[in-house]
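Here is the structure we will look at.
Protein chains in written order, with our numbering: chain C, 1 to 814; chain L, 815 to 946.
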């Protein structure tokens, strides 16, 4: 087997460069100009320009031939590539940069790739400077053998479906080779797979950026449209008054968009349009999922088909729904005249951007008119509705609903959304002409954060709007790259939640969370540890999957701090108790109560449940499911989906995202078991105890094993011992005394022995510390009220409360 | 450099000549077809011929149901004929423009093709004349 050589001089690209230098190089141009000047001189003297013009024409035509020949035969892949010479796979651009510089080395290859315009895309996506990259890798380049490097580069190019070894392929091969290059990749936070994607996107970006000649046949057609086809259609003044025509503009926009997503939906829509019967379509989907773009893409394909087959063109008109419904005295008559005209004149597609407006209109005649024309074969109606409004307004009217073929548009997949973002970022750079670049890492983060935090809008629309904001911010800050911080800032503004990079203060706060919680929650250290762990993971985006931030089942007797933990946590993590969504599960004890969670089944009913509404309004909340053991198993089954997938699809088809919630379910199940077990087996380890408890609960059929397994952690709340109870009493006492001091301005001094009295009265084995607060309020606040009535006291005075006084007071009240 | 220069005769014989007299003239012809198609789209000759007798902007009147009303029938007939004639006039103009444009396109591409094919011949003749 012969070893392939690596000789750049024996490549076709090199021969092409030599030929070009001979025919159209600097020296040749000087020769041509000298000849022309001599001829011009003679022509001026004789007054006859025939020879001069003829020779000039010949030279120009010759150069024209040379340009075409070089472009077609010496750039791009050579059909008769010499496989024995690896250098023949190098792109012409790379050969041009190495040409005439002696033997091929990896150093020359690296420098040539950096000089190439094509490498700029990769470098900018990585978010580094060419000079700093060159500086970092300089010493490592000499250790790589050029021949084996080219072999790797060729294999890599083939894997990526690229025919020649281009500058991005060379860079990518270097970056994959480990050592200092691996460090460089790690610095940019880019994986090998990401790198491959970047190289493939570079190929795509060239296609998007390739400007079409203004003299190309396609440009002519787009510029002049189709002359004469409209002559067979009638005058449509009544229709034109209430519509906007987009037939032409969609062609431009589709081309500008560069790629089409929702391809299967487009195919099914075009199929519907091609049949002879009903052509009305209803596009149902959430905000920003691309319903209107989908309609435009369908319009583009329809126009293409009509052009290719010499058919009469269909006009796409957007109905000004709001104007019709609120701008005219008799909207039904206006609509009737407009649609009659459309029906008579010929082929039209009427686009209604929000069909629910017609359904909500008090004028039923408008709906009657619309229904009449939905049956017409010469008009197609493309209507748009959100999933919510479709179920609320359209589905209930079955006669109306049956006139449409439904196209359900879902949010784009991650891959589709990334493609759209990539194309949009390339276009934005081209349009704005500014030197602000979006790194691949920023794009991926943008996608991930948008998907996670902007749950009220779908992909790709939501991500594109964040991208545009982030670019604007980076431009304003005169930054070269759109950084993670710009993306986080834009998302924080749009999603109205703070997702800006975890600052030092915040990190400190997270690290101290355990301490903060421990000061408010007494005797439940294990529970606090598990909670804090989950929250740390969430804040650092480690747990960024399709589940809630944390799901916990708190088991334990009454009055030991389960609900209190949830309240404190909501306060600490989400910034206030208003972020606590408390659901008393004893209200969901019957099978029918499941509708209280998933919403009304009646299409005309009010729809959403309290739970889904609250979570939609406050996606960053702590959901407390109190006394979960009292809920019906059917209700628990609904929660299985939420705990597992992080969302709930209600009866109206509306999806509620629970991924930004912490879910805590509390239960007294096994309370007696806990008490008895602890009394009898105080020496046993807590793990054994937890296992015994869970086994007992499953055996009692309080919860099914799959329900318990859905929680991240099952946490046990132990009965409080005397030390815990005293600590709780002191904590509560301190809180109440501080509150009085802040509100009334009195300094309250309480004797130590009062605490024992509070514990005695406020703690019971059955209810734990549940009564504690009431007892403290009774003793302190009531005593204080009586004291103030009987004595004169002003702000700043110190009031001492002794056990004897309290006992006397309580005795007097009995 | 030397290697490249040595390969020039091979390039001329195996690459340039087949490309110059084979591939590229075909490309020129294809380009012509693409422009001709584009022109056909812009001024839709096929469509104009198909609808040559159609009424202008679909302006037509309906004949009365009562066929005894000769006057009204005549009036509708006249209007319908007129609208068709107007349509025909406009389409004739459009078709004439289309034919002129296509003729211009044919002339342009023919000149280019002839120039392309004869260019080496002209160079050889010029070289011969200047040496002799």
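Beta carbons: idealized from backbone N, C-alpha and C, even for Gly. Keep in mind that this is a model prediction, so the values were computed, not measured.
Per-residue burial, residue i [other beta carbons within 10 Å of its own, 16 or more giving buried]
i             : result
residue 856/C : Because chain C is modelled from 1 through 814, residue 856/C falls outside the range shown and cannot be assessed.
residue 414/C : exposed
residue 398/C : exposed
residue 519/C : exposed
residue 551/C : buried
residue 660/C : buried
residue 735/C : exposed
residue 187/C : exposed
residue 885/L : exposed
residue 650/C : buried
residue 746/C : buried
residue 928/L : exposed
residue 121/C : buried
DSSP state of residue i mapped onto helix, strand, coil
i             : result
residue 289/C : coil
residue 409/C : coil
residue 769/C : coil
residue 877/L : coil
residue 107/C : helix
residue 9/C   : helix
residue 583/C : strand
residue 534/C : helix
residue 439/C : coil
residue 215/C : coil
Closer than 6 Å: residue i CB and nearest the ligand NAD heavy atom
i             : result
residue 303/C : What this structure holds is no ligand at all, so the ligand NAD is not there to describe.
Chain L within 7 Å of residue i, Cβ atoms only
i             : result
residue 168/C : no
residue 5/C   : no
residue 220/C : yes
residue 224/C : yes
residue 73/C  : yes
residue 331/C : no
residue 619/C : no
residue 217/C : yes
CB of residue i within 7 Å of CB of residue j, strictly
i             : j             : result
residue 768/C : residue 633/C : no
residue 941/L : residue 857/L : no
residue 106/C : residue 144/C : yes
residue 636/C : residue 711/C : no
residue 906/L : residue 870/L : no
residue 919/L : residue 849/L : yes
residue 332/C : residue 381/C : no
residue 389/C : residue 364/C : no
residue 656/C : residue 616/C : yes
residue 589/C : residue 630/C : yes
Residue i versus the options, residue with shortest Cα-Cα distance
i             : options                    : result
residue 815/C : 738/C, 150/C, 69/C, 47/C   : Nothing about residue 815/C can be read from this structure; chain C reaches only from 1 to 814.
residue 554/C : 563/C, 487/C, 167/C        : 563/C
residue 85/C  : 113/C, 12/C, 133/C, 736/C  : 12/C
residue 241/C : 94/C, 323/C, 57/C, 130/C   : 323/C
residue 480/C : 418/C, 527/C, 516/C, 429/C : 429/C
residue 874/L : 140/C, 345/C, 720/C, 732/C : 345/C
residue 801/C : 55/C, 15/C, 787/C, 168/C   : 787/C
residue 741/C : 703/C, 112/C, 797/C, 720/C : 797/C
residue 774/C : 784/C, 762/C, 783/C        : 762/C
residue 628/C : 610/C, 647/C, 667/C, 621/C : 667/C
residue 805/C : 753/C, 49/C, 771/C         : 753/C
residue 62/C  : 946/L, 943/L, 932/L, 924/L : 932/L
residue 595/C : 577/C, 638/C, 569/C        : 638/C
CB contact check: residue i to chain C, cutoff 7 Å
i             : result
residue 829/L : yes
residue 886/L : no
residue 941/L : no
residue 789/L : Because residue 789/L is not part of the residues shown, which for chain L are 815 to 946, the question remains open.
residue 876/L : no
residue 926/L : no
residue 849/L : yes
residue 903/L : no
residue 938/L : no
residue 856/L : yes
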